Structure formats: structure tokens, C-alpha cells
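Engineer: Sharing a structure here in C-alpha cells format.
Number of protein chains: 2
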Amino acid sequence: MRIIKIINLKSAVAFLCLFVCVGILFMWPQCTVDNNEFSSTWKHSEGAKNLKQFEDISCQINGDYSVKCKKLNGEVYVPFTFLHKYFDISGKLVKTITNEETFEWAHCNARIYYPKSKYNPKGVFAYFENYSVENRDRVKCVSGIEGVPITTQWDPAGYFYPTQIAQYGLAHYSKNRTEPEPRRKVLEDGDGVVGEWSVPKSGGYAGRQYNEQVNSYVFNFHTSESQTVSFAMNSASSDYVLSITLSILSNSSLSIHINNTERGETYRLHYVCSRDLLNTQGNDFYYGIGCSTTWQTLTRDLINDVQKGVYLHVPFHKRSKLKLIKSKLKIISIHLYGSGSIDNLTLSSSDHMAMFYNAAQWLVNHQDNSGGWPNLVTRRITGSGLNDLQPGWYSAMGQGHAISVLSRAYYHSGNPVYLNAALKGLKVFRVPVSKGGVLSKFMDKVPWYEEYPTSPCLSILNGFIYSLIGLYDLLSVSPKAKSKEVTFLYEQGMSSLKRMLSLYDTGSGSFYDLRHVTLGIAPKIARCDYHATHVNQLLLLATIDKDSILASTAERWAGYVQGKRASHN
Amino acid sequence: MRIIKIINLKSAVAFLCLFVCVGILFMWPQCTVDNNEFSSTWKHSEGAKNLKQFEDISCQINGDYSVKCKKLNGEVYVPFTFLHKYFDISGKLVKTITNEETFEWAHCNARIYYPKSKYNPKGVFAYFENYSVENRDRVKCVSGIEGVPITTQWDPAGYFYPTQIAQYGLAHYSKNRTEPEPRRKVLEDGDGVVGEWSVPKSGGYAGRQYNEQVNSYVFNFHTSESQTVSFAMNSASSDYVLSITLSILSNSSLSIHINNTERGETYRLHYVCSRDLLNTQGNDFYYGIGCSTTWQTLTRDLINDVQKGVYLHVPFHKRSKLKLIKSKLKIISIHLYGSGSIDNLTLSSSDHMAMFYNAAQWLVNHQDNSGGWPNLVTRRITGSGLNDLQPGWYSAMGQGHAISVLSRAYYHSGNPVYLNAALKGLKVFRVPVSKGGVLSKFMDKVPWYEEYPTSPCLSILNGFIYSLIGLYDLLSVSPKAKSKEVTFLYEQGMSSLKRMLSLYDTGSGSFYDLRHVTLGIAPKIARCDYHATHVNQLLLLATIDKDSILASTAERWAGYVQGKRASHN
């Protein structure tokens, strides 16, 4: 028994170890740990091949500092993060349609617009149909009273900037020319279209009567304190431009309630009879619309009004999370408080011409006796050593853009008020900078129209070209008998441009201005988007003036956007 | 017996497998093949960590073409080979002293020389002690007759280029001022120093007599055809500048035999009485020295003479393997053929002043009646669309450099011939380009001195500044009574420079000329070494003119060499 047991035990152990040994025989090749050999799976891995030769290497940059690079098979690889800073170029990782990852290197991340036809001064202004002036961070909001943007760029309190107001007008004019017909839904016109207003049982009144002042049937309302005549939006509207003609007493207001379905919040826009630009309390946003005994028409981009309310106290760098998504916003209801009359309450997908005419009207109202649109802000040109421009300075770019607006307003409406304002705006082009105008003489020889009329001059390029386009616009819509002065200014300007244009060429981009020549300091290179603007401006001018310098410069400068550079000797 | 046998066999197997199993227990952890785990040796290898994340990625360049990049841990790495072409920058792998490999990125691989003191017009010219004009590939050789370089840059046949001849002179003058006293060994002076000449037993003669013409004892020789009076160099000389004064008959010659110990070849330099510049037959190199009845002094850089002989028929790109190493060359022997007299046969480590005076003398001999040094070569400015300059054109740079040489020659020797030639060289600065001179008016306003007097003008910067330095040199050595004209030209030029200098700033380098302004074509950027020349020139001028524009521009442009760039708006 004992022997059998022993035999069995040993057999068991023997078979067990035999089994294990056989297993080892199969596994052994895979266990050989040798630096130069891998299993068959490893051998086919690229990583394995690279393993030996991919290494860190220090890049000594101009003997000045070092950057961690990589070296592989004799080639040195440089990190893009460093190249971005050193060369001021852009790049980003993207996934292609096939879900493959690539890296998009962009020498200059700005768009060139190639004109399809000759520039039409009665049509789209440059490529401004792509501009959204009111959505710029520096725009505080669109004012309730004037219906034009207020900027905070050089003064956080906010101020009207003629150049910006004109761009606002030109952008909307251009969108009107390029976008499809807008959708319009009249909600209340006191006549054929009646809204379903809810009126408070006691202390509230609503009715429709003929009003002589506006020669129309209007909707009248009256409520006691804290009560409202309101209108619920039963069907969802995807249109957010509200237009309303109204005449209300000073303690009255119009409110729009808008729901953010993504966040589950409701914003309340209040258009109140105050001169305060914009106040906010939580989700209540108060726009002052002035109010007077006469009627006024408001055209409001409700999304913009809400967004600006949300952003009012939020610094730029914290705004991205608060950006509203149009499709998540729903207009819930419209409320009237106090006493007054309204007419033509409308919701549209856009109302570009109304916004355009707000800009044109503002320009007519705010032109001074010299024909200028004064910039009521202090302007410091940092790094130049120049004295600040004191509030009241004129800008050739502001004059030019304003003239572009007024020329279109005259063409579109036939109203000579706009033409006269535009013609009056020319006067400032004859006045030297030293006497408060915008005219300078580069190297005491070549006339220039200054965007910022400093002494010595800066001769900024893009603002000058915009002023030329404005002069061309006016030249094109003026009656011949009134076009002598604008023709002179335009031809003088174009002649200067052709003589001076090459001075702005850096061989790999363009200069923003000529401070390095006029002030003898370091040059100011045009940032990528400004360089693209130069190209776009020249492409536009090349369609109206056949001098080859315009087209050839535009072509060369467009090449610079793609990383091309002029050859060296 | 059988049972015991069985037990023993089984035990044996059992113990064997037990042993093996125990072995496995120790080995097992090292054999686990798992993508995330390696043996302890692998874990410590960086390569192993990188294996998973290091990948290829395609870089799309400006939406135009693609480059193979790498991606690791979210960072994209770009191959330097591409960056070199795209940005025109340099880089190379180097081993540090500690045998570590680094990559030296050089934005611009050219040297800036910071002056240690005010520029001295009687001393070193700029930093030309670093120049080796005769070693430039485009220099065919130093002519035997005149002792000045001949260039092939714009005509493969070779021609004298005043600018180059002057640079040759200035480089040797500068080396004379900066190098230690040369070693000189007189081998034969017909008097106190006698060489050990071997004279053929029959038909050969050698002797020393007093010669009236040179007022010195000289060494006379005469040999029959194919025989030679020769001098074996018994002690090795590490000095290769040969100087000899000689008067030989037209069928005579001087030969130097030089051995290349590295290649085991012998070169034979022959200075022959021909006007042919240079002929070669195998390792026999024939330099024409003209010969006349009067005496002449030759100063020859023997290494350069041999090198140019070796290179004569070899295109530039195949020359690197044929570059001679000084330490491998041995002068074996000196041979005289024919009849004649020699004096002061000397071997020196250098003889810079002789070479300088060869240049100065050439300039005196080749100045025309208008005071100009005509360039007898057609000059095409490629890519400019300008007409070629026909042979005979003057260059402000050539005039200026020549004046720099002559001013130093006058200062050093006191001989008014040099001063008068320099003063006469000023005339061309007053003559407009249209009338064959070098004076232009940029934008019809600012006087410039043209390196290449084209119409319209190019206004090259470096040549203009060299001409200013030449004017300054002459101004500094002229007697006051003769300095009015040069003072005017210098001050006019400096005034122009200060007004125009900023036009050459690209914001990241400098322009070579102003063709983009004067011709309205693409700019010509100064190549890295020319940009560095601009910096060096401005640094020099800043020591003699305190206007801050010179120093501040030099400083900014020096920053560009290091990859700095002007800021954008």
C-alpha cells in the first residue's frame, strides 16, 4: 500500500512537472529578453523600430536659449508650440472626415475675398456682409435711443465711434443685399392684424384707434402699477428681430421675456423711458430708449440685446461659456407697462435696412459744422511716443466710412439730406492735420488722409484705403455738377496710394503704418488679419482702377498669407 | 529490481521536472508579455514609454501641400528640413565638448562685429582683416603682372573688378594692422645673404654683381635650354609668401616646386614672361608676369597660386575635395631658367603691404580721365527688368572702396599721387546716373550714390554705405585746403542715409535695395550675410556720427539676426 501510494505520489509529481516542462518548451522563445530581439508581434510594430533611434535633443536657439526637440533617423523635429511663438504662425489639430487626425498649419489665419465682379458702390461694401459689428466684444450694446453700437475699446465707459457706427450700417446694408428676403410676421398693427393680448380685469385697458400723428390705426394700452398688457407667443418663433413703433409715457416700458431652454432660465428685456444705456439686475436687462412725446421706431436684435445683458459685467476672457445659442432661445411673451400706443409690432428674421438707416440717421444728426464726425475719445498710439489725440479729433477712415453709408442712403432713398451730409464730409480732407483736419504730406510731398491725425503723421494704410473707397462711393452717386471736389480728392488719393504702396511691403507681409519712416522708430507690422484686409482692399480697388501696381501688389501680398516671401539677393 | 528501477526512473524525472519548475517560478515575471509591462530594464527606458504615443501625423501647410510631422503627447513636431526651406533659416547637429549632441539653430548664420573703438580711417577697414578675397571661388587667381585678383563673377573669361581689387587691398592692409610681425627669411640678396644655388656644369652661369638700375648687388644667372639654376630648400619652411625682384629675358622663367605630402604629388609653379593670366598642364601651372626690360617685384602667395592652379578647370561644386591643406605642402626647390637677374628672394609668412600697394598702384594706373574706375563687364540685374549696364559703368562702391585704399596709401606713404587719385575719384559723385555718373535722386528728392547706376535707380544700401566710408576716409587724410568737396559729398550722403535708412527695414531683416519702390516690383530682401553687413556698417558709422538713428537701427537690425521681429499692431 505504502509503495503504491509512494509510486502514485511521485507519478503525480512527475507527470505534473513533465507537463510543466513541456509547457516551458513552447514558451521559451518568447521569454528571451534581449535588447535586439522581440517577439514576432513586436517586430512588426513601428514603435519597436523607432525605439532605438527616437531621442531627445536640445535645440540651441541662436545661442540664446534652448528648446526641447526630438531627433529621429538623423532628422531633427521641432515642437510647434515653440514655432508658434517664434514665427507668429498658427496651427491646430483637426480630425478629417475619415476620422484621421491631421495638423493644419496656417501661416496667417485670415480670409482673402476674391471679387467676382467690379465693385458696385451702390451695393455690398467690400465683404462687410460677413461682419457682425454688434457681436464684437468691445461693443457694449446697441443703444436703445439711437439704435447704433456703443464701443468700449478706448474708454470702458463707452462712447459712440463714427467709424464703428458706419461699419454697423455698411454691414447691415450688405447683408440686406446678400441675404434672402427676410421672414416677417406682424403681431399687431392696430388694424388688420390683431394680437391676442391679455388685459388685466381691473385697472387695465387696451384698444385700437386711428391716430392722426402716424396716420394709422394703432394699439393703445393703459395699465395700473405693476400690471401688464401682455401677449403670449403661442407658436414658437425662430425670428428674433423685433420692430415696433411706439409712443409711451415716461413711466412706461416694453418687455420681452425670453427663455433659455438649455439653461432653464428666463431673461427679461425691458425697453424703458430712460437715457441710461444698459442696466442689469440678475436676468432683467434695462435698455433706455429715451421716449418723447413723438413716436419712435425701435428695431431690436433681441438675441444681441440678451447676449449683451448677459455679458455686461463679465470680462472678455470669461465669456465663452456664456455664449447663447440661438436655437435654445424662445420668445415667450411680450409685455406693455404703463400708458401708450404701439403700431406694427413685428418679428422678423432680419431688418437690415432699418438698422442701416439708424446708422445713416445718426451720422446726419452728429456731423459738426466743419463737416466732421468728431471722435469723442482720447486716443493713445502705444509705443509711438506721440502725444495722445484729444477728444474731438477727426479720422479719414471715419469720414470715408460715413460717406460710404450716406452715399448708399442717398442712392437708396433719394433723400438729398444724405447727399449733402456726405458732400459736407469732404471738407475735412482739405484741412491739414496741424489745423485739425486729416490731410498730411508724407516726406513733405505726398498727400495722405490720416486715420489718426497725429503729428508727425503715421500714414496708416487700411484706414486711408477705406477713405478712398468712401470717396469713390460718393463720386459714383453724386450728380455730376456736385462731384468736382470728391473727384479731385479721390484722384489725389489714388495717385498717392500708387506712389506709396510699395513702402508698405515687408517682403513677407505688410506694414500697418509708416511710423518707422516718419518717427524713426521700430516698424509696426500689420497683424495677420490686417494684412489680409490690405489684400482685400487692393483686390477691390483693382476692379475699379486698372493700374497694374494694385493687382500685382495684391497678388504678391496674397502669397505672403500663404507663407511665400520675396526672394533675397 | 523492476520496481526499484521504476522508482528511480520516475524519481529522476520527478526531480528533473521539479528543478525545472522551480526555475520557472523565478523566471515567470520576466516573461509576461503584456503591452503595458516590460521588464525592469525596459521600464527605465524612455523609448519604451514613448512607444505607445509617438506617431506620424500629416501637417497640411496652408492648405497647399503636406509635410510628414510627428506627434507625441499632444505636441506636434515639425521636421527641420522643412523649416529650413520654408523660413530660410539654418541649423546643424554638433557635438559638445562633453560629446553630447545638440542642434544649433541659427536664424541667420552671419557674424556681427561690435567695434571696440571709434573707426580709424588710417587703420583697419571695417572688419576686413577677416576677409580673404583671393580665396573666393569666383576669383580666378591673382594676376602675375599686376598682382591683383581677377574675377569671373559676371564673365567666365575673367576681368579686373575695381571693387574687388580695392577689397583685396583693404583686407591686406587690415591684416597688416592686426597680425603679428611676419616672419621673413631672405634666401638670396646678391650680397650678404647668398643662397646655395646649383649651377649646371656646362652652359650654366650664376654670379653676383652690382647693378646700377636697382643700386644693389644682385644675383645674375644664365642657363642653356632646358637647364636650370636651382635652389633646394633644405630646411622645411612653413612660410609661403614669396617675394622677388627680377629682370629676366622673355624666354626665361622662375619656377617653384611644391610637394603635397598628403597626396604624394608635386606642383610646379612657373612665372613666365607672357601676358597670359594662367595656364595649366597637369601639375604645371603657368602664371604670366609680363616681363619688360625694367625690373619688377613679384609678391606671390604660393599656396593661393597652387590652389588656383588646381581649381582652374574644376567647377565650384566639385572643389571641396581638392582643397589644399597648408601643413601638407612643402616648398622643395626654386628654379631659374634662361637669363636674368634677381634680388631679395624672400620667403615670408605674409607680405600684406606689398599686396596692398599692388592694389593701390593698379587703381592709380587704371583711373580714367573722369576720375572713374570703369567696370569693363556687362552687369545684368536679374529679375529687375532693367537694361543691362554696358561695360564702362562706374560704381559708387567701387569709387568709395578705391578711395579708401588710396587714402590709406597716401597716409602710409606720404606720396601725393595717391591723394590726387583719390580726390579725382570724387568727380563721379556729382554726375547724375543719366550722364554716366553714380548720383541719383530717390523720389526725385534724396541724393544717393548708386552701386549699380541703373535707370530707374536701385539704391542698394551696402554699396552706398561703403562709399560713405570711403568719403570719410578721404576727408580724414586730406589736407584741409583740399577737403571741401569730399566734406560736402560725405555730409550730403550721411544726411540721405539718415532720411532713407528706415525704408530698408522689413521688420525682420533689411532690404538689399529699394527696387520695390523705384521699380514697383517685388522687394529684394537682403540675404542673411548682407543683412549682417548692414548691421556691421551701421555699427561702424555709429562710432563716427552720434545721430541716434544709426545706433538704434543697428541694434534693432542686430536683433533680427537673432530671430527677433518688430511687433505687429
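Line by line, the protein sequences are chains A and B.
Residue numbers for the first sequence follow numbering that gives the first Met the number 0, beginning at 0 and rising by one.
Residue numbers for the second sequence follow numbering that gives the first Met the number 0, beginning at 0 and rising by one.
We treat Cβ as the ideally placed atom computed from N, Cα and C, and that holds for glycine.
Keep in mind it's a predicted model, so treat the numbers as computed, not measured.
For Asp-304/A, report the span of its alpha helix (DSSP H) as first-last.
Structural biologist: Taking the first sequence and counting its residues from 1, the one referred to as residue 304/A is at position 305. Taken as a continuous stretch (DSSP letters only), the alpha helix (DSSP H) holding Asp-304/A covers 301–310.
Engineer: Rounded to whole angstroms, what's the CA-CA distance from Thr-532/A to Phe-127/B? Just pull it up for me.
Structural biologist: Residue 532/A sits at position 533 when you count from the first residue of the first sequence. Residue 127/B sits at position 128 when you count from the first residue of the second sequence. Cα-Cα distance, rounded: 46 Å.
Engineer: How long is the line joining the alpha carbons of Ile-464/B and Thr-542/B, rounded to whole angstroms?
Structural biologist: If you number the second sequence from 1, residue 464/B lands on position 465. If you number the second sequence from 1, residue 542/B lands on position 543. Between Ile-464/B and Thr-542/B, the C-alpha separation is close to 14 Å.
Engineer: Per DSSP, what kind of secondary structure is Cys-456/B in: helix, strand or coil?
Structural biologist: Taking the first residue of the second sequence as position 1, residue 456/B is located at position 457. DSSP places Cys-456/B in coil when its eight states are reduced to three.
Engineer: Determine, using beta-carbon pairs with one atom in the segment 305–320 of chain A and one in the segment 329–336 of chain A, whether at least three such pairs fall under 8 Å.
Structural biologist: The segment 305–320 of chain A vs the segment 329–336 of chain A: no contact.
Engineer: Can you look up Ala-231/A in the DSSP assignment and give me helix, strand or coil?
Structural biologist: As a working note, residue 231/A is residue 232 in the first sequence. In this structure, Ala-231/A counts as strand in the three-state DSSP scheme.
Engineer: With a threshold of 8 Å on Cβ separation, who are the neighbours of Ser-131/A within its own chain once the five nearest residues in sequence on each side are excluded?
Structural biologist: Indexing the first sequence from 1 puts residue 131/A at position 132. Cβ within range, chain order: Ala-170.
Engineer: Count the other CB atoms within 10 Å of the CB of Gln-536/B; is the residue buried (16 or more) or exposed (fewer)?
Structural biologist: By 1-based counting over the second sequence, the position of residue 536/B is 537. Gln-536/B comes out buried.
Engineer: List the residues of chain B whose Cβ lies closer than 7 Å to the Cβ of Lys-545/A, in chain order.
Structural biologist: Looking up residue 545/A in the first sequence gives position 546. The premise fails here: Lys-545/A is roughly 15 Å from chain B at the closest Cβ pair, so nothing lies under 7 Å.
Engineer: Can you list the residues of chain A that Gln-561/B reaches, using a CB-CB cut of under 7 Å?
Structural biologist: By 1-based counting over the second sequence, the position of residue 561/B is 562. The contacting residues are Asn-61 and Asp-63.
Engineer: Could you tell me the alpha carbon to alpha carbon distance between His-269/A and Ile-243/A, rounded to whole angstroms?
Structural biologist: The residue you call residue 269/A lines up with position 270 of the first sequence. The residue you call residue 243/A lines up with position 244 of the first sequence. Whole-angstrom Cα-Cα distance: 14 Å.
Engineer: Of all Cβ atoms in chain A, is any one closer than 8 Å to the Cβ of Trp-556/B?
Structural biologist: On the second sequence, residue 556/B is found 557 positions in, with the first residue counted as 1. So, not an interface residue.
Engineer: Based on the DSSP output, what are the partners of Thr-298/B in its beta bridges?
Structural biologist: As a first step, residue 298/B must be located in the second sequence, where it is residue number 299. The partner list for Thr-298/B (beta bridge, DSSP) reads Ser-242/B.
Engineer: What does the alpha-carbon distance come out to for the pair Lys-325/B and His-256/B?
Structural biologist: Taking the second sequence and counting its residues from 1, the one referred to as residue 325/B is at position 326. Taking the second sequence and counting its residues from 1, the one referred to as residue 256/B is at position 257. Cα to Cα, Lys-325/B sits roughly 15 Å from His-256/B.
Engineer: Which two residues bound the contiguous alpha helix (DSSP H) that contains Gln-536/A?
Structural biologist: Counting from one through the first sequence, the residue named residue 536/A turns up at place 537. Where Gln-536/A is concerned, the enclosing alpha helix (DSSP H) stretches over 527–541.
Engineer: If you count every other CB in all the chains shown that lies within 10 Å of the CB of His-106/A, and 16 or more means buried, which is it?
Structural biologist: Position 107 of the first sequence, counted from the start, is the residue given in the question as residue 106/A. The residue is buried, with at least 16 neighbouring Cβ atoms inside 10 Å.
Engineer: Give a yes or no on whether the minimum CB-CB distance between Ser-566/A and chain B is below 8 Å.
Structural biologist: As a working note, residue 566/A is residue 567 in the first sequence. It does; some Cβ of chain B falls within 8 Å.
Engineer: In angstroms with no decimal places, state the Cα-to-Cα distance between Glu-261/A and Phe-315/A.
Structural biologist: Here residue 261/A refers to the residue found at position 262 when the first sequence is read from its first residue. Here residue 315/A refers to the residue found at position 316 when the first sequence is read from its first residue. The straight-line gap from Cα to Cα measures roughly 22 Å.
Engineer: For Lys-497/B, report the span of its alpha helix (DSSP H) as first-last.
Structural biologist: For the purposes of this step, residue 497/B is taken as the residue at position 498 of the second sequence. 483–499 is the span of the alpha helix (DSSP H), which, as asked, contains Lys-497/B.
Engineer: For Asn-259/A, which three-state DSSP category applies?
Structural biologist: Sequence index remark: in the first sequence, residue 259/A carries index 260 (1-based). If DSSP states are grouped into helix, strand and coil, Asn-259/A belongs with the strands.
Engineer: Evaluate Ala-420/B with the Cβ neighbour count: other Cβ atoms within 10 Å of its Cβ, from every protein chain shown; 16 or more gives buried, anything less gives exposed.
Structural biologist: Residue numbering aside, residue 420/B sits at position 421 when the second sequence is read from its first letter. Per the 10 Å Cβ criterion, buried.
Engineer: Helix, strand or coil: how does DSSP classify Phe-53/B here?
Structural biologist: Taking the second sequence and counting its residues from 1, one reaches residue 53/B at position 54. Note: Phe-53/B maps to coil in three-state DSSP.
Engineer: Using a Cβ-Cβ cut-off of less than 8 Å, list which residues of the segment 330–349 of chain B approach chain D; keep chain order.
Structural biologist: Among the protein chains in the structure shown, which are A and B, there is no chain D.
Engineer: Just to confirm my understanding: we take Asp-87/A, look at its own chain, exclude 5 residues before and 5 after, and list those with CB closer than 7 Å. What are they?
Structural biologist: Along the first sequence, one-based indexing puts residue 87/A at 88. Same-chain partners within the cutoff: there are none.
Engineer: Using a Cβ cut-off of 8 Å, which residues of the segment 449–473 of chain B contact any Cβ in chain A, in chain order?
Structural biologist: Here the close residues number zero.
Engineer: What is the DSSP secondary structure of Glu-133/B, reduced to helix, strand or coil?
Structural biologist: As a first step, residue 133/B is located in the second sequence; it is residue number 134 there, counting from the start. Glu-133/B falls in the helix class under three-state DSSP.
Engineer: Check the Cβ of Glu-103/A against every Cβ in chain B and list those closer than 7 Å, keeping chain order.
Structural biologist: If you number the first sequence from 1, residue 103/A lands on position 104. Result: Gln-59.
Engineer: Consult DSSP for Lys-69/A and reduce its assignment to one of helix, strand or coil.
Structural biologist: Working through the first sequence from its first residue, we reach residue 69/A at position 70. Strand, per DSSP.
Engineer: Which class does Glu-554/B belong to by DSSP, given the choice of helix, strand or coil?
Structural biologist: For the purposes of this step, residue 554/B is taken as the residue at position 555 of the second sequence. Reduced to three states, the DSSP call for Glu-554/B is helix.
Engineer: Answer with buried or exposed for Gly-382/B, where buried requires no fewer than 16 other C-beta atoms within 10 angstroms of its C-beta.
Structural biologist: Locating residue 382/B in the second sequence gives position 383, where the first residue counts as 1. Exposed, by the Cβ-count rule.
Engineer: Closest to Thr-162/B by CA distance: which of Arg-183/B, Pro-155/B and Val-138/B is it?
Structural biologist: As a first step, residue 162/B must be located in the second sequence, where it is residue number 163. Per the Cα distances, Val-138/B.
Engineer: Let me know the secondary structure DSSP gives Trp-153/B once reduced to three states.
Structural biologist: By one-based count along the second sequence, residue 153/B stands at place 154. The answer is coil: DSSP assigns Trp-153/B none of H, G, I, E or B.
Engineer: For Gln-366/A, is the classification buried or exposed, using 16 other Cβ atoms within 10 angstroms of its Cβ as the cut-off for buried?
Structural biologist: By 1-based counting over the first sequence, the position of residue 366/A is 367. Result: buried.
Engineer: Please give me, in chain order, every unbroken run of the beta strand (DSSP E) with length at least 3 that falls completely inside the segment 331–384 of chain A.
Structural biologist: As far as the segment 331–384 of chain A is concerned, its whole beta strand (DSSP E) runs of at least 3 residues are 338–347.
Engineer: Any idea what DSSP makes of Ser-566/B, helix, strand or coil?
Structural biologist: As a position in the second sequence, residue 566/B is number 567, starting the count at 1. In this structure, Ser-566/B counts as coil in the three-state DSSP scheme.
Engineer: Just to confirm the assignment, what range does the alpha helix (DSSP H) spanning Asn-175/A have?
Structural biologist: Stepping through the first sequence from its first residue, residue 175/A is reached at position 176. Per DSSP, Asn-175/A belongs to the alpha helix (DSSP H) from 161–177.
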